[in-house]
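**Student:** The structure follows.
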Amino acid sequence: MEKMTPQKLVDQILEAAERERASDVHIEPGKDDVIIKFRIDGILREVKRFKIHMLENLVSHLKVLGQLDITIHSTPQEGSFEWLGKIKDENDQMRFLSIRVSIFPTINGEAIVLRILNRSELLMSVSQLGFDKHDEQLINKLIISPYGMILASGPANSGKTTLLYSMLKEIAAPEKNIVALEDPVEYNLEFVRQSQINPARNFTYEAGLRSILRQDPDVIMIGEIRDRQTAENAIHISLTGRLLLTTIHANNSVGTVARLLDIKVSPPLIAYSVNGIIAQRLARRICNNCKITHPPESGKLEMLGIRPNSMPFFKGKGCDECLNTGYYGRVGIFEILVIDDEFRKTIVGHESIEELITLAEKKGLKTLRQDGIQKMKDGITTIEEVLRLGI
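Each residue of the sequence shown is one higher than the last, beginning at 287 in this note's numbering.
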């Protein structure tokens, strides 16, 4: 490795990342060594180290690939490049992977994160995400509505963008004008006009939303609601007879209403614009190649309120296919809140969040925890994953 060229080192790292299904590569400078970590199925693990003196040439090469300024070392930079993968797709063809580059200065040198965009994961259909039949029917009802707002909520890296893309894939058709404002655009979607937000050129979400109605859209996607102004602009658009899909950071479905209230969106605007809220997380799937039955510790059962021997429990014992982790891939854990007239009346009436939770429970809302427990019962994920997600 000492005599390896920067290009060869980048290829070696990305080949290993592609082979091990990593979503992100972290290149972290320390005092003496540089640590390479892969994020696989949402979990970071160390895979390699090399000497610190090799970092400078590696950073410079990645800056060139990402069309960044190699003379800047003290401020963050972001770029992207295409890299020809080594694993053939279903058509027996090598595929180009989109790599996003983030450079960030630290006291030991510039740290790098490479995000590997996997088209097959981003462009899944709704039926592939992990919804049960009832929830899939709810989603399909929401997306055939001609107007209103659908919110996907959850923390960072919980699959919100994948969900929006999947819904757009179901909606997209030549006879519909679908416009998307994104930061960044992850992948090109058929029959969707996608625009990249660029604050440096004053093309913000706010600026885009001010002009978007002149584009005569039927459906609009907004990458994320970050503040009151964006939220209110999006809501007003959805009230003009358009279907609008977007994401927001919130812990659960009712918490999404609380989040909108926190950023000072008025209750009537929320009540009469939002059709549905889909809260979600991503849990690691048990590896089917090494799945075994495995009764968990009683303390873990108590934390979820599950009686011993009330259901079967599974785990992966570890094998070459899952890199001895016991997990292979991820599955969505979902909570879908459909806003009906009773919910609208409760929101407009300035009732407490506790009242909304009570109403949701009365209407049979399946919570994130309940969906996680069901997927444990079905042998899809483990009790450890449900506890890790904190649902």
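The C-beta atom is built at its ideal place from N, Cα and C for all residues, glycine as well.
Check the C-beta distance from T532 over to A544 and give it rounded, since I have them as a contact under 8 Å.
**Tutor:** About 17 Å; that fails the 8 Å criterion.
**Student:** What are the start and end residues of the alpha helix (DSSP H) that includes D327?
**Tutor:** No alpha helix (DSSP H) holds D327; DSSP gives it neither H nor E.
**Student:** How many angstroms separate the CA atom of V634 from the CA atom of F620?
**Tutor:** 26 Å
**Student:** Pair every Cβ in the region 552 to 562 with every Cβ in the region 509 to 529, then say whether three or more of these pairs are closer than 8 Å.
**Tutor:** yes
**Student:** Just to confirm, is the Cβ distance from T542 to I534 under 8 Å?
**Tutor:** yes
**Student:** Look at the alpha carbon of I313 and the alpha carbon of E628, and state the distance between them as a whole number of angstroms.
**Tutor:** 51 Å
**Student:** Quick one: is K337 buried, meaning 16 or more other Cβ sit within 10 Å of its Cβ, or exposed?
**Tutor:** The residue in question, K337, is exposed, as its Cβ has fewer than 16 Cβ neighbours within 10 Å.
**Student:** Identify every run of the alpha helix (DSSP H) within the region 388 to 440, keeping only runs that are complete inside it and at least 4 residues long; order them along the chain.
**Tutor:** 405 to 408 and 419 to 429
**Student:** Go through its chain and collect everything with a Cβ distance to R593's Cβ below 8 Å, but skip five positions before and after it.
**Tutor:** L587
**Student:** Do you know whose CA, among I625, L623, G615 and T644, lies nearest T690's CA?
**Tutor:** With the chain covering 287 to 677 only, the question about residue 690 has no answer from this structure.
**Student:** On the criterion of 16 or more Cβ atoms from any shown chain inside 10 Å, does K349 qualify as buried, or is it exposed?
**Tutor:** buried
**Student:** Using only alpha-carbon positions, find the residue among L529, I659, I402 and T632 that is nearest to P554.
**Tutor:** T632
**Student:** Closest to W492 by CA distance: which of T516, P503 and G328 is it?
**Tutor:** A small correction: the amino acid at residue 492 is Glu; Trp does not occupy that position in the sequence shown. Residue T516 is the option with its Cα nearest to E492.
**Student:** Between which two residues does the alpha helix (DSSP H) carrying N519 extend?
**Tutor:** Taken as a continuous stretch (DSSP letters only), the alpha helix (DSSP H) holding N519 covers R514 to S524.
**Student:** Could you tell me the alpha carbon to alpha carbon distance between L424 and K289, rounded to whole angstroms?
**Tutor:** 57 Å
**Student:** Identify every residue that forms a DSSP beta bridge with R678.
**Tutor:** Since the first and last residues shown for the chain are 287 and 677, residue 678 lies out of range.
**Student:** Measuring alpha carbon to alpha carbon, tell me which of I666, K550, S539 and V624 ends up nearest H636.
**Tutor:** Of the candidates I666, K550, S539 and V624, the one whose C-alpha sits nearest the C-alpha of H636 is K550.
**Student:** For E476, count neighbouring Cβ atoms within 10 angstroms of its own Cβ and tell me buried if that reaches 16, exposed if not.
**Tutor:** exposed
**Student:** In angstroms, rounded to a whole number, what distance separates the CA positions of V412 and E304?
**Tutor:** 25 Å
**Student:** Should T597 go down as buried or exposed, given a rule of 16 or more other Cβ atoms within 10 Å for buried?
**Tutor:** Before going on, a small fix: residue 597 reads as Met here, not Thr. Counting Cβ neighbours within 10 Å, M597 comes out exposed, since fewer than 16 surround it.
**Student:** Taking the alpha-carbon positions, what's the I389 to A397 distance?
**Tutor:** 6 Å
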